[in-house]
Structure formats: C-alpha cells, structure tokens
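Below is one structure; the comments refer to it alone.
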Amino acid sequence: MIPRLTQSPQVSPETGRYIIALNESGFTGDTTTRYGERLTLATDNSIYQLLPQAIVFPRSVADVILIMRIASGDEFRSVQFTPRGGGTGTNGQSLNSGVVIDLSRYMNRILEINPEQGWVRVEAGVIKDQLNAYLKPYGYFFAPELSTSNRATLGGMINTDASGQGSLVYGKTSNHVLGLRSVLINGELLDTQPVPVSVARAYAQEDSVTGQLYRTTLDSCETNRQLILDNFPKLNRFLTGYDLRHVFSDDLQTFDLTRILTGSEGTLAVIAEAKLNITPLPVVRRLVNVKYDAFDSALRNAPFMVAAQALSVETVDSKVLNLAREDIIWHSVSELVTDVADKIMLGLNIVEFCGDDQALIDGQVTALCARLDGLMANNEAGVIGYQVCQDLTGIERIYAMRKKAVGLLGNSKGAAKPIPFAEDTCVPPEHLADYITEFRALLDSHHLEYGMFGHVDAGVLHVRPALDMCSPEQEVLMKQISDEIVGLTAKYGGLLWGEHGRGFRAQYGGAFFGDTLYRELRRIKGAFDPENRLNPGKICTPSDSDAPLVQVDAVKRGTYDRTIPINVRNAFAGAINCNGNGLCFNFDVKSPMCPSMKITQSRFHSPKGRAALVREWLRLLAEQGTDPALLAESVPQSRVSLRGLIGKTRHTWRASRGEYDFSHEVKESMSGCLACKACSTQCPIKIDVPEFRARFLALYHGRYLRPLRDHLVANVESGAPLMAKAPRVFNFFLKQAWVQTLSEKTVGMTDLPLLSAPSLKQQLAGSKATSVTLEALESMSESERQAGRYIFIVQDPFTSYFDAKVVADFAALTEKLGFHPVLLPFSPNGKAQHIKGFLARFARTAARTADFLNRVARLGCPMVGVDPALVLCYRDEYKTVLSPEKQLFRVMLVHEWLTEYADQLPEIAASTDNRPWYLFSHCTESTALPDSVNSWQAIFSRFGASLKPVSVGCCGMAGTYGHEMPNLERSKGIYQLSWAQPYQTLVSERCLTTGYSCRSQVKRMEGKVMLHPLQALLTLVP
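Taken in order, the sequence shown gives residues 1 to 1022; the numbers are from UniProt numbering.
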C-alpha cells in the first residue's frame, strides 16, 4: 500500500509571520505557503531548482507597495523577495529561496493606449502576444520579439531586457520603454522616464531615497563615462545587467533612470507598470527560406543576407529541423520548407523583409533570389535551394516552428538533453562563423551532441550542448564547459549573455566588466537595495555586502532527479523530462493547450506544475525505498478485501482530519486535469499528463478511498447497455429533480445526460446496418466482402447510448454513398477506466476489445468510429498496455474514412444553400490529428458545401469531467473562455463538432443540439 509522504520543507518562522501580517494588513491578492504550489515555482526554463518560502500574487500597485511596506518592519528584515513573470527565463533569473512576487496571475491589465502618440501603458503581468493581439486593430505592435512570446510577460521582458528576431531594426525591450512605475524595497513608489539632465540633477539634490538613487547613478555614470564607452562591447545586444551605457543619451542632454532598471532582473525594484512605445505594423512582409548543405554554410552566408537589407536573418541547424519534422508543428510548414531533390538540407536561413513600400520590398526579394540563383548555379556558399513565402499566415507558421526550437531540443532522445547555460552568447556578426567554429570544436572535444539556432544578423546564437544533469560527472563537465566558453567569448569581443540575462551566471560579471565598472554596479545595487533583499545573488551584491552570488554549479533539477532510480525515471519519463519551457502557459484561450491552467491561472494546474509534483512525489517514494512498479503490483483492483477497505477508510478519515500527506497535493493537481491530452502533442517535450496521472491515481487509491463517482464513471460502459434496454424508464427518473439532487449530493455528479430514446437498436431496426451478422461476414469469401462494400461501425458508449442519432445518421450516410454499413456489437473501450486510474481493469478491457477488433480486422473491411476521444484511445492509451502484435486493427474516424475512400464516393452537386457550415474543433482530435480540420474542409468541398473552421480551445466538458460537481464551475468557465462568444454569434444550426462531449456541453450551456459534421453531410447527399 502506498506510504504516507510526510516530508514537507517548512516555511521559516519569519516568513510565516510575514505572510500572516500581510494578509491582515488589507492585502487583496493571494498568498500561499503550500509545498505543492511552491514546487511549481521552484523551476523556470533553466536547469536550476530553488524552492521559495512563499508566493504572493498582488492584484495592483497598491498591493505591491503593501508587500514592501510590511517587509520593511524590523521583524521581517530577513525576508527576501524575487519578482516573477512568466517564468520563461533560461538562467534561473526568477528563482530564489525567499518570497516570490508573482505578477502574472492578476496584474495583467492593459491600462491605457494613445495611438496618436504611439504608446501604451500596461501592468507588468501582461503577456507579449496578449498585448500584440490588443494592438493589432489599432495597426500597431510591440516590436521586441522572442520565442516565448505567448507566455512571457512584459515585466519579465523588461527585467531581462529581452529581444530576439529583428533586433537590428527594432532593438531590444529597453529601446521601447518610455517609463516605469516601480516599487522600492522600502515600499516607496518610483516613477522613471527620460528627463533633462538639469532635472535629474535637481532630483539628486533632494533628501530622499529617490534623491539618493539619482545622486549615486549620476555620479557613477558621469565619472566613468569614458570607461563605460570603452569597455561596453559595440554590439546590438548590449545587455549588461544595469545599463550604465544608456542612462545618458548620446548627446548627454537627457538622463533616464529607467535604463538602470531594464535588465536588472528584479534586483533593484519591483517593476509594476510600464509605458511602452509601439510600432506601426508593416504593410508588406516577405520571407525567403534559404537551404544549405551544411550549418557552417548557413552561418557564413548570413552576412550576405544582412547586406541584402533584410529585417532579420534567423538560422536553424539540422538537429532542430529534424526534431521539428517529428513534431506536430511540421504539418504546418512542410510545404514552406520542402526537401531538395538529391540534396540533404543541414542548415536553414530564414530571411525576412518588411516595410510599407511593396515595390521596394519585392525588389529586395527579387534581387536576393537572383543572387541566390547565381550561387546555386556556381555551387557556391553551400546554397542548395530557397523558397519565398509571401502570405502572412505562412510567415507566422515558419516563425512558430522557429519559436518552438528551444522546446524541440528538449525532446531529443536519450538521457542527455540539450540544456541552456551558455546559450545566448553574442559576438560581432562578422566574427560569428569563426567563433562558432571554435565553439563547436570545444564541444566536439568533449564528444557532445548539440543543437544550434539563433539570430545571426545580431551575432547571437543559441547553442545547447546535450548533457545529463542526473550524472554528477556531466554536471561537473557543464561547469568546465561554461568556464571555457567565457574565455572563448571574451576572445572574440563578445558577451556571454546576449539575450537571456545573467541569472545563475552572475559569477562571471566581474570578468566581463572589469574591477572598476563592476564596483560601480555594486554601488548602484547598494543604493537601491542596501540590505540585499531583492533577488539576492543575481547581477551583483551591494558594495558593503559579503553575501555570495549564485553559482553556475548550483543545485539543479537533475540534482534531485538523480535520487530517483533509473527504472522509475524511465517509467515516468513524461514527468521527468519536462524542461520547464512553459509552452503550457500559453495565454491564448483559443489554443487547446491546458484548459485547467487557463481557467485557474495557476501553475499548480498546468502540465509543468503537474510534472514537478510527480517528480517530487517519486523522489519522496525513493527516499522511503518504495518502487512505484512494485507498489502497483500490490494494489488490488479486481476485488475488494475487507482488510483493505478498513485500511483505506482509516487513512481517508485521518486525511479528512488534516493528517498531512504530500500525495494529497499531487492528487488535487491531478484532479484538475481534463485529460484532454493536448499536452501530449502541443508540448514540445510531449508531456503526457493523463498518462502519468492515471498511474498516480491507481497508486493513490491503493491507500485512500475513491469517491463514489469514480466507480460510476468507470462502470459507465457496462451500465449504459443495460439502461438502453429501457431508456424511457431510466430517463423518467433521471429527469426528476430529486434524482438530480441526490446525484449531486451523494455521488457528486450533475447534469446527467439522458439516454437516447428511441435507442440506437430501435433507430436502426430494419436497416442495412443490422441486416448481416459478423458471423455471416466471416463465412463469406474475401471477394464477396469486397464486392459488398461493407463498412464496420465501431460503437462507443457515449454516442451509441446517449447520442444514438449520430450513429444512425452515419449508417444512413454510408448507405447513401453506396456502402453497406454493419453495426458491430458493442465492446467497451475502457477510456473512462484509464482516466480514473483503474489501470488493471483498463488493461483487461483493452485486451478483450483488441482481441475482438483484431478478429474483425481480418475481414479486410474498414472500421470507423464517430467519436474522436474514444477512437484515438485505441491508438494511444492501448499502446501502454498492449504489445504491438495485439494491435493489428485500425479504427478510423469519419473524416479519415471519407478521405481514404474519396475515389469511391459519388459525385455530389453543389448545394443550393450557399451558407457556410462552421466547425468547432474537438481539442483531442485537432491536436492529435492536426490535419483533421483541413480534411473536413476538403470533404465538405467535395460534397458541394463550404466549411469554415472556428478557432476555439477546449469546451470544458472533456468526457465526464464537466459532470463532476468539483469541476462544475471550472467546466462552465472554460466554455465561456473560447466557445461561448463564437457559438452565440454564429447561426447555431450551422455549427458542427465531432466530439460527443462538446455537443453535451453546448446542450447544457446553450440549450441547443449541435450536429456532428457527418450529419450535415447527410443533408447534402441526395
């Protein structure tokens, strides 16, 4: 039986008292010291792990001021703070062991816009893509680009002075900050913006904290002006930490304290609001994707592209390209980056031109292509081909692939993963190829694999050596390589941190700045944060402090993971391999990725958070000497013993009385998962939460009682066929208010669906679908079966028994198309058992159904199911419990069958009703089968009708999730996020979806019946 995991690092008494005082002082945000929630913020997109003492989520600037004012009390002087945004930093910038101030949950409002003057005012938690979606109707965008733009906050971008593609033209984040509203460690508000030097000198005369800041910074930057100009690299990426170079304007007429704060990584103040300049959207955009025979060729040819007056030149190597080919992202770009006949593409330059003059841009593209043709004709520069992309949709798809490169590298096979630690070096672009040659030689000397991509126009390349951080020897090697790269980068006149900030690389600061300037950085730190309480250990320490800086060889995720046995790590690879890239934090409600994260705004309910919790759960089990595999074998699932029941009852009662078990926190997070499986395809690492969730639940309920609703859900496939024998009788009771109330209060289920009446059997009575038996078909010859054009309809429990008209209509459609439908006997699918963690029962169900479907498959006729979630279960969950030889059958979805048998379908005349149909995608289907929407569109076109896809996320029902009382409000909230508005705007009778769950949710929320696409097709066939 699973042990009780009681180890939970305690919060220090000072921090505990501080959180109490904060809550009692009128703080309107959230606070937490729960172990599980702290764990979810103990990592970012780096290799490091550092557990915070507490997390606070302010709702306003006033809350941030209160956080700092309470902290200024003498009794709380030991409490330290670190601001945090999206947690996308690759170097641990937002990690610390004090109190994390998370500004992403609530402080994400766009406060004001002035299109005439070209600026916008935002809170620090606004996400970059969120801002650009808001600005687009005004004809503007926020220009600094980065690969994590759909989850990176503007506060985080400001704190790391982020930039990326297009920086030669658009610059860095600091180039676009017009002013900041920040809160100092003593709770004072600090507003900064460019001011005349005379005004800055007047501020410096004031006897106040602000006056001291101006005095210190003015003196430091004036006294050392020439040294600053001489020592700071002449690079587009001038990231320094505290930007002494740009505090004064070049003409020395203005002074801007903001430039000290941009790139300061939260070490000087908490940035709460920002005024940003915005850039008009370019009218014309063009991409030229240039293909090379070697990555070195792409690097050395990049200056040629820059000279062609391109906006940007992005480089991707073969490793990243090959990983992209294996990812869901490739289907969207495969036609834009085609292979070259008889050539192997080992490098790619993505060259963009943009502007407002179409003739000029087209001329630049034409000139570049002509020069590329010349290079190819002469077999020069390694150019083997190119493609021009002129439409915005295609351009955005290419950049989506490029943005996913970071995560894709994390999906490399084997224990060694490409990791960030010296991944954003920046050297003068003219030296980049030679620099990278030496860089690669260094890595090759250690026999390491690595991936490369980056912004060669700015001299920045992301290099990620593959190392296993669970190996102590490779952890030491990582530090050695890091030191070597510091020397190499200095040799070429570059910076170690050209784009992603310093973070845990702060120890190298002195080497890059020299003693004098580094001393000035410490002096400025001391003026802002004299007691070293804001993100201590990063950038530098105050002048009079002997506190240490964080180190490159600090504690990492791998430090903890290595205590988990290798066989357990392999068994739970989905959780272990999470590299923290945070794509599951995607803000876009139209994205299917993790609806539970979107509705809760809590990392605790995200795939990354769930992976972190499971990793810690496994570590604690390992500490107790418990192997989950052996534990699973001891958990009875086929029968209930009195002794086991008594034990579970006792443990459950103790839990209800407050007995701590870390497993309860893991269970809470897992229970919030909708099991939609979007993470298993959308995440670059393919983190399959429902898979390890099911395994956890199986073990958890080896110790604790299951709620009654779990048993009801797991038995739905055995109960539904029995109830369907008398649907009207059961429906009579299900409609009674007292039955619904009883269900809600005793079982925990609500809005129970009614059985189909008449039943499927009754609806198909006398039709072709029931006119022949499976046994009769088996007695036929293969030629007879082929001549009969038989198609087997595979039933699922939800559609067949609760939405039977869909199955009946599919049978009718196949008949109209000239096929002979055969309704197969119902055989349980088992997905509901898997979702609830009844894994032993699921394995038995899958084995029985697989035997049955293999028997049918031998007849050589197509098998088709109508519900995506259930059909895809045969391809996914069945693989986890069945050997390949047990999975010889293939069950298609309707659109797959119609596409595969398109040449056997009759010609359909165009519909006289030219109104379009609208397809609301089922999230599991659209993520697992990304071409499904295009397939449905092609099918409707063949049937003489128009189908338009509607961009939506999850509907919130997700099988039985939305029927469970604890999930009810979240389920309805998820629906409101993305489905409600388009459905209520469009003609409901023309709205379609393939998922039974989706149709159930629409019926509950809108009181209307939504059709399956096949039902619309049925109306189009004469």
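Heads up, the beta-carbon is just placed ideally off N, CA and C, and yes, glycines get one too. Please read these numbers as outputs of a predicted model, since none were measured by experiment.
- For residue 957, the secondary structure class from DSSP, reduced to helix, strand or coil, is coil.
- One thing to note: residue 908 has its Cβ within 8 Å of the Cβ of residue 1021.
- Inside the stretch 583-659, DSSP marks no whole beta strand (DSSP E) run of 3 or more residues.
- The Cβ-Cβ distance between residue 262 and residue 141 does not fall below 8 Å.
- Residue nearest to residue 49 within the set 92, 233, 997 is 92 (criterion: CA-CA distance).
- In this structure, DSSP gives residue 684 a state outside helix and strand, which the three-state scheme calls coil.
- Three or more Cβ pairs closer than 8 Å define a contact, and the stretch 757-764 meets that threshold against the stretch 802-820.
- Counting only runs of at least 4 residues, the stretch 261-335 fully encloses the following alpha helix (DSSP H) elements, listed from N- to C-terminal order: 295-307, 318-325.
- Secondary structure note for residue 143: it is in no alpha helix (DSSP H), with a DSSP letter that is neither H nor E.
- Contact check for residue 824 and residue 793: beta-carbon distance about 6 Å, within the 8 Å limit, so the pair qualifies.
- Annotated three-state conformation of residue 196 is strand, per DSSP.
- Judged by DSSP secondary structure, residue 740 falls within the alpha helix (DSSP H) whose first and last residues are 737-742.
- Remark: C-beta atoms of residue 534 and residue 266 approach each other more closely than 8 Å.
- Under the 8 Å Cβ criterion, the stretch 422-431 does not count as touching the stretch 136-151, having fewer than three qualifying pairs.
- Looking only at 848, 460, 561, 647, the smallest Cα-Cα distance to residue 614 is reached by 561.
- Here residue 125 has 103, 104, 107, 108, 153 as same chain residues with Cβ atoms under 6 Å from its own Cβ, once five neighbours each way along the sequence are excluded.
- Taking a C-beta distance under 8 Å as the contact criterion, residue 69 and residue 55 do not qualify as a contact pair.
- Around the beta carbon of residue 256, 16 or more other beta carbons lie within 10 angstroms, which makes this residue buried.
- Its Cα nearest to that of residue 386, the residue 352 stands out among 416, 359, 352, 798.
- Under the 8 Å Cβ criterion, the stretch 24-42 counts as touching the stretch 652-669, having at least three qualifying pairs.
- The stretch 587-601 makes no contact with the stretch 644-656: fewer than 3 CB pairs, one atom from each, lie closer than 8 Å.
- For residue 508, the closest alpha carbon among the candidates 969, 487, 654 is that of 487.
- Between residue 821 and residue 730, the alpha-carbon positions lie close to 29 Å from each other.
- By the neighbour-count criterion, in which 16 or more other beta carbons inside 10 Å mark a residue as buried, residue 20 falls on the exposed side.
- Taking a C-beta distance under 8 Å as the contact criterion, residue 954 and residue 923 qualify as a contact pair.
- Burial check for residue 702: the Cβ neighbour count within 10 Å reaches 16 or more, so the residue is buried.
- DSSP places residue 937 in the uninterrupted alpha helix (DSSP H) bounded by 932-942.
- Taken through DSSP and simplified to helix, strand or coil, residue 117 comes out as coil.
- Within the stretch 24-99, the complete alpha helix (DSSP H) runs of at least 4 residues fall at 35-40, 61-71.
- Distance between residue 40 and residue 346, taken at the CA atoms: about 38 Å.
- Distance check between residue 414 and each of 852, 576, 205 places 576 closest, using alpha-carbon atoms only.
- For the 8 Å CB-CB criterion, residue 336 and residue 408 do not form a contact.
- With distances taken between CA atoms, residue 121 lies nearest to 271 out of 271, 1001, 743.
- Residue ranges of uninterrupted beta strand (DSSP E) with 3 or more members, entirely inside the stretch 347-431 and ordered along the chain, are 347-355, 383-389.
- Residues 195, 210, 211, 214 of the same chain have their beta carbon placed closer than 8 Å to that of residue 203, with the five preceding and five following residues left out of the count.
- Under DSSP, residue 153 takes part in a beta bridge, and its partners are 127.
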